[in-house]
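The sequence shown begins at 1 in UniProt numbering and counts up by one.
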Amino acid sequence: MMAAFLNRTIPSSGPSPLIPIEHSRNSSSPLQRFVKGKRKINDIFVEIEDYVLDSSNYVTVVHGENKVIVEDNEVNLVTGYVQKVKGIRDVLSRDHMKVAFFGRTSNGKSSVINAMLRDKILPSGIGHTTNCFLQVEGSDNSESYLMTEDSKEKQNVKSVGQLAHALCKEKLSESQLVRIFWPRDKCFLLRDDVVFVDSPGIDVSPNLDEWIDKHCLDADVFVLVANAESTLMVTEKNFFHKVSTRLSKPNIFILNNRWDASASEMEFQDQNEIIQNQVRAQHMERAADFLVKELKVCTSKEANERIFFVSAKEVLQARLQEEKGLPPHSGALAEGFPNRYFEFQDFERKFEECISKSAIKTKFEQHSLRGKSIAQDIREVMETVYERALSLQRDKSLQKKEVNDKLNFTEQQLLLITQEMKEKIHHMVEDVEQRVSKAMGEEIRRLSNLVDEFNVPFHSDMLVLNVYKKELHSHVENGLGSNLRARLSTAVAMNIEAAQRDMTERMSALLPATKQGVTHSVVPRREPFEVLYRINCDNLCSDFQEDLEFRFSWGILSLISRFYNRDKPRQTSNNYQSMPNYGPSMLSPCDSSEMSFYNCPPSPSPQPTSSSFLRPEDWTLASKFALASVGSQGTVGGLLLAGMVLKTVGWRVIAVTSALYGCLYLYERLTWTNKAKEKEFKRQYVDHATKKLKLIVDLTSANCSHQVQQELSSTFARLCHLVDEATTEMGTDMKALEKELLRLEEAANSAKVLRNKASYVIKELDMFDEVYLRGTDG
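Put into structure tokens, the structure is as follows:
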């Protein structure tokens, strides 16, 4: 112990021990290291706070858009760090180096603080002067004031006496804290974020546990102010035993105050130094044993650096003299003051180094670890989000490619199928047209059979005949329609059904699986398609005029007509190309969608009354002359002709011939009954209807083929509409996928940036640890 003391004596040469420590302070002060470290970690946590806010906003927005990329627990994790980082920033802004002074009553705790602060701030004197906890910290302005624990009101501090009186007047409890704010520019320690806590005497209250929990757990250094005139007391030891149970190896300095008494009480000057060294060694040994063996908070070497012998009252007096511009040693000072002043300065230097290292480690290490943990957690979240976004981006890209390929394939197939269906419909229409034309031609040739099947009673009376003709029109119309349906409808319906089924199957293959069943509603199950063959004979044959007058078949005119018809070239009965063209202009206005022409009567055309008689323009000059000669009775020519015949054949032959001719005439005249008239009427009607029906064969077949075309085209159009809807949906899906890919790309890029920023923050904290924390080890 004596060796340790001798190592700390004043050197014979070097700077004067009375040079104020403040005058030699510079930017390399240990306290400045804490200030710089605090500023640096605050700057880092500003970046962390911005980073956490950006990350929180990012995960909240992305989670709202896509809950697959960011899960609920990740959102809660990241957003929960916002308030935690804000709380850390608040703690960092309040963090300071805190030193707590403890000791028995009147040991000089307040005097030590005043000496370190170079001003008489705290009340001091004989007896119990401090009856509560006093915390001295720097104010941000030049104002000095105090605030009690239960009030936000600022109270002025004008002098130590006034402060003491204020405290005594308020009668605060022992564990209550009074915060004293002193201008930072008046004290370098306060300027360097040091906070001093003065306590009541630990021998005046049993509430030590409450004191420790309330005021000591965040202290960086404890200073035990002991009375050098006595030794360490059990009360002091018990207090620090309690402290050591709550804090792991607290930093404790032991100041043996009032060491000036050891010099003033010596009777003999020559024995002073020897006795003083013995007393010092005794105090050193006991204090070191307390730190090393009892508390086990340091080693023996470290303990020698934590025990000091000072006189706070002398140092305060000297420094007040310095503030006035006077020498520090002026005034009534005991012998050996320079040594005690030097040792107080030595305490301050070691105190500053210790509190700086301790505060940096205790205040910043946990914050640095917490910042790294936060950044690492968010980095893992961003890494996971980034990987999910990339995975979804790949999936969406494949999905987009599939939709695009499906869309292109559908459009190409639709073009091919459309072309094929057009050709197929065209061939079917031509086939139907040919079939109808052929079938109708055959039915026209069999028209006489159909007319013969009409068995309604016949009478030549005009009123009855009109009713007969109307019913005959209906019979022919219904018969033709029925016959055509029997011949064509089944085959046409089967072909149409097969074509529609083929269309449906081929177009369904182009639809998504979820919509393939919709095609059944396009071609619903119903009765087979039937072509309409309505032939309005009432209008078609409205110009038919029957000729039921009796005409002798062997009459002169009949013979001439037969002779003329035999020599005249015969026209082909089914040469439809030479027929007049009864186009749409000859029809009355009808429904253009169905090309209905049945209810529209054709324009009337002149018809002969009977096909067995010649038209006047066909008669030759000789026949006209002969008729004129025969018809002119009493003329000379007639007499001459009769005479020539009579002379040539004889009167017997003429008489027999005339008798036979008369009998033949009489027979035909008698057989010209109602039945014969009906037969002649039907023959004339068949001839007339045949001509009329031949004129509309092409139109009827075209109309039937148009019906087939309409049926197939409408079915195919509805199927195309379904495919168009599917392609439109695929196009919409493509656009949605493009937007989704863009959002995923933005999400992935943002997650990557935030992930890299987390690495940057962690690197900043590692650099902070390297500079400020690892430099404090050892």
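We treat Cβ as the ideally placed atom computed from N, Cα and C, and that holds for glycine.
Below 8 Å, too few C-beta pairs join the stretch 700-712 and the stretch 377-395 to call them touching: fewer than three.
Nearest Cα to residue 341 within the set 695, 249, 90, 115: 115.
For residue 376, same chain residues with a beta-carbon under 8 Å away, outside a window of 5 residues either side, are 758, 762 in chain order.
CA-to-CA, the gap between residue 98 and residue 196 works out to about 6 Å.
Between residue 716 and the set 59, 177, 499, the nearest pair of CA atoms involves 499. Beta-bridge partners of residue 672 (DSSP): none assigned. Under DSSP, residue 98 shares a beta bridge with 195. The residue from 87, 32, 73 with its alpha-carbon nearest to that of residue 46 is 87. Burial of residue 537 is indicated by the presence of at least 16 other C-beta atoms within 10 angstroms of its C-beta.
The C-beta distance from residue 769 to residue 368 rounds to 6 Å, short enough to meet the 8 Å contact threshold.
Bounds of the beta strand (DSSP E) holding residue 226 are 221-227. Rounded to the nearest whole angstrom, the CA to CA distance from residue 364 to residue 68 is 38 Å. Collapsing the DSSP output to three states places residue 328 in coil.
Per the Cβ contact rule, the stretch 217-225 is in contact with the stretch 99-112 (3 or more Cβ pairs under 8 Å). Straight-line spacing of the CA atoms in residue 297 and residue 217 works out to 16 Å. DSSP places residue 177 in the uninterrupted beta strand (DSSP E) bounded by 177-183.
Short of 6 Å from the beta carbon of residue 436, and not among the five residues preceding or following it, lie these beta carbons of its own chain, in chain order: 701, 704.
Here residue 389 has 69, 744, 747, 748, 751 as same chain residues with Cβ atoms under 7 Å from its own Cβ, once five neighbours each way along the sequence are excluded.
For residue 533, no alpha helix (DSSP H) segment is defined, and its DSSP state is neither H nor E. The distance from the Cβ of residue 726 to that of residue 490 is about 35 Å, inconsistent with a contact at the 8 Å cut-off. Its Cα nearest to that of residue 308, the residue 279 stands out among 699, 427, 94, 279. With fewer than 16 other CB atoms across the displayed protein chains lying within 10 angstroms of its CB, residue 667 is exposed. In the three-state DSSP reduction, residue 404 falls in the helix class (H, G or I). When rounded, the separation of the alpha-carbon atoms in residue 485 and residue 514 is 40 Å. Take residue 35, set aside five residues on each side of it, and the residues of its chain with a beta-carbon closer than 7 Å to its own are 192, 193, in chain order. The Cβ atoms of residue 52 and residue 81 lie closer than 7 Å to each other. If you look at residue 742, you'll find it isn't in any beta strand (DSSP E); it sits in the alpha helix (DSSP H) that goes 697-768. Taken in chain order, the whole beta strand (DSSP E) runs of length 3 or more contained in the stretch 269-312 are 307-309.
Your pair residue 294 and residue 237 checks out as a contact, with CB atoms roughly 7 Å apart and the cut at 8 Å. Between residue 147 and residue 139, the alpha-carbon positions lie close to 12 Å from each other. Counting other Cβ atoms within 10 Å of its Cβ, residue 563 stays below 16 and is therefore classed as exposed. Scanning the stretch 315-398 for uninterrupted alpha helix (DSSP H) segments of 4 residues or longer gives 337-359, listed from N- to C-terminal end. The Cβ atoms of residue 251 and residue 358 sit closer than 7 Å to each other.
The Cβ atoms of residue 399 and residue 510 lie no closer than 7 Å to each other.
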